[in-house]
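Take a look at the structure set out below.
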Amino acid sequence: MGGKRRLIMKFNWGTGIVIAMIVMITGMLVLVSVAVRQNFDLVDNDYYQKSINYQQHIEKVRNNEALPEKIRIELSDGSLRLNFPGLSGYRDFSGEIHFYSPVEQKRDLIVPVQPESSLVQVIDLKNLEKGRYQIKIDWKVKGTGYYQEEEILLP
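Quick note: the sequence shown, position 32, residue 32 per my numbering, numbers continuous.
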């Protein structure tokens, strides 16, 4: 009889425990190696100052929302007209107007807030490339800061 021989390995509790320990140790080593290679660049060194600045930004937005009249933005051929609200006769405005382009940073433009005596500021946009811009107006009157954002599309 050309009999077939079967090789059967006996599996007992001791073998199972050893296999389970090998799998567990291998898993632990994999987890440790992954944890060691993690990148922690998302942590800011100056997080405290950034949180203070963010709180100031929130206060400026709240101040702007509390105004009875917001800055009116009118886009015409090649220029942007900003109508600032008259705040109890104050005329000493300061701050900046940031034209932010989401496409690339070199398209950005920053202009100082300098309204005329009629509280109107006209900005020439002929040097800006066509596209979408976020207008971020960060301005101050008599020590009170305001912040307003609008989006425009230059054809």
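Heads up, the beta-carbon is just placed ideally off N, CA and C, and yes, glycines get one too.
Next on the checklist: Taking DSSP's pairing of strands, which residues face S94 in a bridge?
Outcome noted: For the purposes of this step, residue 94 is identified with residue 94 of the sequence shown, where counting begins at 1. Answer by DSSP bridge pairing, in chain order: K140.
Item to check | Cutoff 6 Å; reference Y146; Cβ partners in own chain excluding five residues on either side | outcome: Mapped onto the sequence shown, residue 146 falls at position 146. Around Y146: K60, N63, N64 and W139.
Next on the checklist: So if DSSP puts V34 in a beta bridge, which residue, or which two residues, is it bridged to?
Outcome noted: The residue you call residue 34 lines up with position 34 of the sequence shown. Partner(s): none; V34 has no beta bridge.
Checklist entry - Between K10, L154 and V122, which lies nearest to I71 when the distance is taken from Cα to Cα? => result In the sequence shown, the residue the question calls residue 71 occupies position 71. The candidate whose alpha carbon is nearest that of I71 is V122.
Checklist entry - Can you tell which of P102, Q105, S117 and K10 has its C-alpha closest to the C-alpha of F93? => result Taking the first residue of the sequence shown as 1, we reach residue 93 at position 93. Nearest of P102, Q105, S117 and K10 to F93, Cα basis: S117.
Item to check | 8 Å contact criterion, which V103 and G131 should meet: CB distance rounded | outcome: For the purposes of this step, residue 103 is identified with residue 103 of the sequence shown, where counting begins at 1. For the purposes of this step, residue 131 is identified with residue 131 of the sequence shown, where counting begins at 1. With a Cβ gap of about 6 Å, V103 and G131 count as contacting.
Checklist entry - Considering R72, what are the terminal residues of the beta strand (DSSP E) in which it resides? => result Here the question's residue 72 lines up with position 72 in the sequence shown. Counting along the chain, the beta strand (DSSP E) containing R72 begins and ends at R72 to S76.
Item to check | V120 vs N83 beta-carbon contact at 8 Å | outcome: What you label residue 120 is simply residue 120 of the sequence shown in a count that begins at 1. What you label residue 83 is simply residue 83 of the sequence shown in a count that begins at 1. Yes, the Cβ-Cβ distance between V120 and N83 is below 8 Å.
Checklist entry - Identify the residues that DSSP records as bridge partners of Q134: which are they? => result Against the sequence shown, residue 134 aligns to sequence position 134. According to DSSP, Q134 bridges with Y100 and E151.
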